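Participant: First the structure, which I've put down as structure tokens, then a few questions once you've had a look.
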Amino acid sequence: MSGVVGHRVGRLAAALLLLSLAVLLSLAVGSRTIPPSAVWDALAHGGTTDDAQVVRSLRVPRTVIGVLVGIALAVADTVLQGITRNPIAEPGILGISQGASLGVVCAIAFLHVHTLTGYVWYAFAGAGVAAVCIYTVASGGRGGASPVKLALAGAAMNAFLASVVSAILTTNARALDEFRFWDVGSISGRDATVAGQVWPFLLAGLLLVLAMARGLDALALGDDIARGLGRNVALLRATGALGATVLTGAAVAAAGPIAFVGLAVPHIARALVGPGHRLLLPMAALLGPVMVLLADVLGRIVVRPSEVPVAVMTALAGVPFLIVLVRRKAVAAA
Amino acid sequence: MTSVDEPRASLSVRPAGHAVVRAGRGSSFLVHRRALAVAVVLAVLLAAAVVVSLCVGEAFVPPAEVVRVLLGLPSPDELVVGTLRLPRLVTGLLVGAAFGLSGALIQTMARNALASPDVIGVTHGAGAATVAAMTFGLTSYAVLPYVSVVGGLLAALLVYLLAWRGGLSASRFVLVGIGISVALGSLTRLLVTKGDYLVAQQAKVWLTGSLNGRGYDQAAPLATVLLLLVPFLLWAARAQRSAAFDEDTATALGIRLGRVRLGLSVLGVVLASAATGAAGPVDFVALLAPQIARRLTRTPQTPLVCSALTGALIVVVADVLARKLLSPLELPVGVFTALVGAPCLMWLIVRTRGNRSGGTA
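One line per chain: the protein sequences are A and B, in this order. Counted the way the numbering used here counts, the first sequence spans residues 1 to 334. Counted the way the numbering used here counts, the second sequence spans residues 1001 to 1361.
Structure below.
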């Protein structure tokens, strides 16, 4: 038993190593490739060379935001999959990210909120409302919230919210200008203040998740058994959903809607460290940033000298994963 | 169609509520009476919507003048109505009809109201192919519609292959379709980023699903496709009856269900892609039109003619609203149909019974 646990802790360490490698890549690769030694030099000693400037003022904020967003999305999704017991619950598919977008657009267009700390609240509200709507729609009717119903309700919600967003933007040129930069789901062009503003929300979300994390294992056994084990199922779900919403809202407020990070990461993490959430959550929190950073680095390389937003790359990487999941019997039959 | 006459009772066994239409010698088919009435009502409504659509705009043109222009009589408003508004309207009508038919065929094939071309990746495939063609320098409107048909077919084939696992389950089909749609949407954005500025602008306008600036250039290829498909549609009208059976019944009756389904879906995919090629992805028309038509006619099968009429009606009305609601600004018609269509899809999801064997979601 201790051997298995040791094995898994070893894998956590490997994931940590992978993360530092991804961070290094994200700092070094781009339209201007900077050797790792120069990166280290710029980080440790500062300096005024071009390379040092690029690393410190452009790549460091971008990488930090990538890490924060990756953690937020991966943990949010692990929790969502846990509380819905649904392998394809994911903020992007379910339209929760799009709900956060709508909140931000409304804040910019109608309430003239222009700072991240201002509109992050609207992102939370939008994400929360969208999450509740989708779950209500999907669990309505006979058969409960099956994966297909969740995905379809999410697709409908996505289409609906996207058209509301574009209707608002068509009629409001100033909002369009501000939003366009934000909408693409990218972690470039954000300065360090964004990271400074978003981390308290991230922390709050993580604390909420931590508070209920032990209950996730009980929930995995089914509502009745969880109740039998003395868990307050409704409270667990509510706390988890709130935590996931806060995390998603914070990630979306920082980087715009990024889909499919959450879908792949928890499944990979589960394959590596097993279904127990005590190891699963840290593993997801390590692998999430790896995926975001690698997708971002890839996005910088594929169409040089211009860049592809990270959201596009994560979607392209995540979809094959969704298809593999769907082809397994477990999802389609449910 | 020639006449609706009462059949000689001794010779025919006809289902309740139907009449027999004889079209020339030796060929006749059943017509559902209520469906016929609904079709007539829809046609009248559509005609009214057409006139309204031609009347409203930046300058109001009185209906009498519109009718004069339509009849080819001289009129002072000939330029506005005949040259500016009519081409757009014709495109809208054709696009709506094509989406309506496509939705009816694919929903019949999948025996699932939720499997519309928007959901299973066809429109996104057509979109990605068209944007790709634009990015690589192919911008002629004479060729683009055919590119989008190819793209739609390829996307549908991909979804079909990926969803196939010793059989086709409707829920797997829908889930794979949603995934492929997302991937193709991302691919489209990738291509827009890659392309130069002018191409990106053209692609973006096209991708919003707008009738703004669409005219005979776009309508002509779509009309050609529709005309070429008429014989196949006549076949589909008969074949869809047998597609309603489940596998066992069909096998017992000697119907080659696989072929029928394949035919229906190819037909539906071609129609949806051609319509997308003309106006961009106008969301949810293909999903809604057959559902509305079927509820109106109360037929066991999805009525094709009524679906086409409903689709055309939806697009024309949505375009009028999209033009007038926030005037002088104009919303793309696709935005408007999605605003109305998405809640309807959710309602369908809530209403759908969780029946496992039928493969419904």
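Glycine included, every Cβ here is placed at the ideal spot set by N, Cα and C. A quick note: this is a predicted structure, and the numbers were derived from the prediction, not measured.
(1) Under 6 Å: does the beta carbon of GLY262 of chain A sit that close to some heavy atom of the ligand ZN?
(2) For the alpha helix (DSSP H) containing GLN1301 of chain B, name the first residue and the last one.
(3) Can you list, in chain order, the residues of its chain with a C-beta nearer than 8 Å to that of PRO1145 of chain B? Leave out the 5 residues immediately preceding and following it.
(4) Please go through the same chain and pick out, in chain order, the residues whose beta-carbon is closer than 6 Å to the beta-carbon of THR248 of chain A, but skip the five residues on each side of it.
(5) Sort A:LEU94, A:HIS114, A:THR49 and A:VAL265 by Cα distance to LEU294 of chain A and report the nearest one.
(6) Can the beta-carbon of GLY1057 of chain B be found closer than 7 Å to that of ASP1319 of chain B?
(7) Decide if VAL1040 of chain B is buried, meaning its Cβ has at least 16 other Cβ atoms within 10 Å, or exposed.
(8) Enumerated in chain order, which unbroken segments of the alpha helix (DSSP H) with a length of 4 residues or greater are wholly contained in the stretch 1105 to 1144 of chain B?
(9) Can you tell which of B:SER1171, B:ASP1118 and B:ARG1189 has its C-alpha closest to the C-alpha of ALA1155 of chain B?
(10) Looking at the C-beta of GLY1213 of chain B, does it have a partner C-beta in chain A at a distance below 7 Å?
(11) So with Cβ pairs under 7 Å, would you call ARG327 of chain A a contact of chain B?
(12) Buried or exposed: where does GLU1247 of chain B fall if 16 or more other Cβ atoms within 10 Å of its Cβ makes it buried?
(13) Thinking just about the alpha-carbon of each residue, which of B:LEU1042, B:GLU1065, B:GLY1125 and B:ALA1312 is nearest to the one in GLY1280 of chain B?
(14) Sorted by chain position, which residues of the same chain lie with C-beta nearer than 6 Å to LEU1089 of chain B's C-beta, five sequence neighbours on each side aside?
(15) Which residue from B:PHE1284, B:PHE1245, B:ILE1349 and B:ALA1236 puts its Cα closest to that of GLY1263 of chain B?
(16) Do you know how far the Cα of ARG1172 of chain B is from the Cα of SER954 of chain B?
(17) Determine the burial state of ASN1112 of chain B: buried for a count of at least 16 other Cβ atoms within 10 Å of its Cβ, exposed for fewer.
(18) Is there at least one Cβ from chain B nearer than 7 Å to GLY126 of chain A's Cβ?
(19) Measure the C-alpha to C-alpha separation of ARG1165 of chain B and VAL1182 of chain B and round it to an integer number of angstroms.
(20) From LEU236 of chain A to VAL1315 of chain B, what does the alpha carbon distance come to, in whole angstroms?
(21) Would you grab the beta carbon distance between VAL1270 of chain B and VAL1149 of chain B for me? Rounded to a whole angstrom, and I think it's under 8 Å.
(22) Taking CB distances under 7 Å as the criterion, tell me whether ARG1165 of chain B reaches chain A.
(23) Which residues in chain B sit within 7 Å of GLY222 of chain A, going by Cβ to Cβ distance?
(24) Grouping DSSP H, G and I as helix and E and B as strand, with all else coil, what is ARG1022 of chain B?
(25) For LEU1257 of chain B, which residues of its own chain have a beta-carbon under 8 Å away from its beta-carbon, when the five flanking residues on both sides are left out?
(26) Could you name the residues of the same chain whose beta carbon sits closer than 6 Å to that of ILE1120 of chain B, not counting the 5 residues immediately before and after it, in chain order?
(27) Grouping DSSP H, G and I as helix and E and B as strand, with all else coil, what is VAL1031 of chain B?
(28) Is it buried or exposed, ILE301 of chain A, if we count other Cβ atoms within 10 angstroms and call 16 or more buried?
(29) Are the C-beta of LEU12 of chain A and some C-beta of chain B separated by less than 7 Å?
(30) Near ALA204 of chain A, which residues of its chain fall below 7 Å by C-beta distance, leaving aside the five closest residues on each side in sequence?
(31) Tell me, to the nearest whole angstrom, how far the beta carbon of VAL194 of chain A is from that of ALA254 of chain A; I am working on the premise that it is less than 8 Å.
(32) Is it true that the CB of GLN1240 of chain B sits closer than 7 Å to the CB of GLN1201 of chain B?
(33) Name the chain A residues that come within less than 8 Å of PRO1417 of chain B, Cβ to Cβ?
(34) Name the chain B residues that come within less than 8 Å of GLY140 of chain A, Cβ to Cβ?
(35) For the stretch 311 to 324 of chain A, which residues have a CB atom closer than 7 Å to at least one CB atom of chain B, in sequence order?
Facilitator: Reading it off the structure:
(1) As far as ligands go, the structure on display features none, and thus does not contain the ligand ZN.
(2) Numbered from 1 along the second sequence, position 301 holds the residue referred to as residue 1301 of chain B. Taken as a continuous stretch (DSSP letters only), GLN1301 of chain B belongs to no alpha helix (DSSP H), as it is neither H nor E.
(3) Here the question's residue 1145 of chain B lines up with position 145 in the second sequence. Answer for PRO1145 of chain B: GLN1218, PRO1221, LEU1222, VAL1225, ALA1274, GLY1277 and ALA1278, listed in chain order.
(4) Working through the first sequence from its first residue, we reach residue 248 of chain A at position 248. Excluding sequence neighbours, THR248 of chain A sits near ALA76, PRO91, ILE96 and ALA127.
(5) Locating residue 294 of chain A in the first sequence gives position 294, counting from the first residue. Considering only alpha carbons, the answer is A:VAL265.
(6) Position 57 of the second sequence, counting from 1, holds the residue named residue 1057 of chain B. Position 319 of the second sequence, counting from 1, holds the residue named residue 1319 of chain B. Contact flag unset, no.
(7) The residue labelled residue 1040 of chain B in the question sits at position 40 within the second sequence. Exposed, because fewer than 16 other Cβ atoms sit within 10 Å of the Cβ of VAL1040 of chain B.
(8) 1122 to 1135
(9) Counting from 1 along the second sequence, the entry for residue 1155 of chain B is found at position 155. Considering only alpha carbons, the answer is B:ASP1118.
(10) Looking up residue 1213 of chain B in the second sequence gives position 213. So, not an interface residue.
(11) As a position in the first sequence, residue 327 of chain A is number 327, starting the count at 1. Output row for ARG327 of chain A: interface = yes.
(12) Numbered from 1 along the second sequence, position 247 holds the residue referred to as residue 1247 of chain B. Result: exposed.
(13) Residue numbering aside, residue 1280 of chain B sits at position 280 when the second sequence is read from its first letter. Comparing Cα positions, the closest option is B:GLY1125.
(14) Counting from one through the second sequence, the residue named residue 1089 of chain B turns up at place 89. For LEU1089 of chain B, where only same-chain residues beyond five positions count, the Cβ hits under 6 Å are SER1053.
(15) In the second sequence, residue 1263 of chain B corresponds to position 263, counting from 1. Considering only alpha carbons, the answer is B:ALA1236.
(16) Missing from the structure shown is residue 954 of chain B; chain B here goes from 1001 to 1361 and no further.
(17) The residue given as residue 1112 of chain B occupies position 112 in the second sequence. Answer is buried; the Cβ neighbour count reaches 16.
(18) Taking the first sequence and counting its residues from 1, one reaches residue 126 of chain A at position 126. Judged by the 7 Å Cβ criterion, GLY126 of chain A is not in contact with chain B.
(19) Taking the first residue of the second sequence as 1, we reach residue 1165 of chain B at position 165. Taking the first residue of the second sequence as 1, we reach residue 1182 of chain B at position 182. Approximately 22 Å, taken between the alpha carbons.
(20) The residue labelled residue 236 of chain A in the question sits at position 236 within the first sequence. The residue labelled residue 1315 of chain B in the question sits at position 315 within the second sequence. Each residue's alpha carbon lies about 46 Å from the other.
(21) Translated into the one-based positions of the second sequence, residue 1270 of chain B becomes position 270. Translated into the one-based positions of the second sequence, residue 1149 of chain B becomes position 149. Contact holds; Cβ gap of about 6 Å.
(22) Within the second sequence, numbered from 1, the residue matching residue 1165 of chain B stands at position 165. Yes, its Cβ sits closer than 7 Å to a Cβ of chain A.
(23) Working through the first sequence from its first residue, we reach residue 222 of chain A at position 222. Going along chain B, no residue has its Cβ under 7 Å from GLY222 of chain A, so there is no contact; the nearest lies around 18 Å.
(24) Working through the second sequence from its first residue, we reach residue 1022 of chain B at position 22. Strand.
(25) Mapped onto the second sequence, residue 1257 of chain B falls at position 257. So the list reads SER1242, ALA1243, PHE1245, GLU1247, ALA1250 and THR1251, once near-sequence residues are dropped.
(26) If you number the second sequence from 1, residue 1120 of chain B lands on position 120. Within the same chain, ILE1120 of chain B has close Cβ partners VAL1159 and GLY1177.
(27) The residue given as residue 1031 of chain B occupies position 31 in the second sequence. Strand, per DSSP.
(28) By 1-based counting over the first sequence, the position of residue 301 of chain A is 301. ILE301 of chain A is exposed by the Cβ-count criterion.
(29) Translated into the one-based positions of the first sequence, residue 12 of chain A becomes position 12. LEU12 of chain A does not count as touching chain B.
(30) Start at 1 with the first residue of the first sequence, and residue 204 of chain A comes out as number 204. VAL246.
(31) Along the first sequence, one-based indexing puts residue 194 of chain A at 194. Along the first sequence, one-based indexing puts residue 254 of chain A at 254. The Cβ separation is near 6 Å, so the contact holds.
(32) Counting from 1 along the second sequence, the entry for residue 1201 of chain B is found at position 201. Counting from 1 along the second sequence, the entry for residue 1240 of chain B is found at position 240. Against a cut-off of 7 Å, the Cβ pair of GLN1240 of chain B and GLN1201 of chain B comes out as no contact.
(33) Residue 1417 of chain B lies beyond the stretch modelled for chain B, which goes from 1001 to 1361, so this question has no answer here.
(34) Locating residue 140 of chain A in the first sequence gives position 140, where the first residue counts as 1. In chain order: ILE1349 and VAL1350.
(35) VAL312, ALA315, LEU316, VAL319, LEU322 and ILE323
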